[in-house]
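Reading the sequence shown from the start, the letters are residues 1 to 68 in the UniProt record's numbering. Idealized CB from N, CA, C, for every residue including glycine. Only a predicted model underlies this, so the values are computations on that prediction, with no experimental measurement involved. Notes follow the structure.
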Amino acid sequence: MAKYSVLFTFDKENYKRLEIEGENEGEILKMLTTSEWYTSEDHQAVNMGNVTSIHFTKPAKISNRSPW
Numbered sequence: 001m002a003k004y005s006v007l008f009t010f011d012k013e014n015y016k017r018l019e020i021e022g023e024n025e026g027e028i029l030k031m032l033t034t035s036e037w038y039t040s041e042d043h044q045a046v047n048m049g050n051v052t053s054i055h056f057t058k059p060a061k062i063s064n065r066s067p068w
């Protein structure tokens, strides 16, 4: 399983970004679109009826290499 950064857009000015763990984007999208509400592990809730779009980005890995 991997953690994905998921951006929920509600309109042109309002959005919420949450970290969601899943096997892949398809599994997460299916879970989100078959529910009226999504509640994260840290108890943040999203009313899926108000969501106009969903975007996925996998968080960047932290490198052990020094930039210097």
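Close-in-space but distant-in-sequence residues of the same chain around residue i (CB under 8 angstroms, 5 per side omitted)
| i | result |
| --- | --- |
| TRP37 | ALA45, VAL46, ASN47 and MET48 |
Straight-line gap, residue i to residue j (C-alpha atoms, nearest Å)
| i | j | result |
| --- | --- | --- |
| ASP11 | MET1 | 30 angstroms |
| ALA13 | GLU23 | Residue identity check: residue 13 is Glu in the sequence provided, not Ala. GLU13 and GLU23: Cα-Cα distance of roughly 30 angstroms. |
| SER40 | MET31 | 12 angstroms |
| ASN50 | ASP42 | 20 angstroms |
Residue-level contact to chain B via CB, residue i, 8 angstroms cutoff
| i | result |
| --- | --- |
| SER53 | The structure shown contains no chain B, having only a single protein chain. |
Distance between beta carbons of residue j and residue i, contact taken as under 8 angstroms
| i | j | result |
| --- | --- | --- |
| HIS55 | LEU18 | Their Cβ separation, rounded to whole angstroms, is 12 angstroms, which puts HIS55 and LEU18 out of contact at 8 angstroms. |
Residues of its chain near residue i, where Cβ-Cβ distance is below 7 angstroms and the 5 sequence neighbours each way are ignored
| i | result |
| --- | --- |
| SER53 | THR9 |
| THR34 | none |
Own chain partners of residue i with C-beta closer than 6 angstroms, once the 5 adjacent residues on each side are dropped
| i | result |
| --- | --- |
| ILE20 | TYR4, VAL6 and ILE28 |
| GLU25 | PHE56 |
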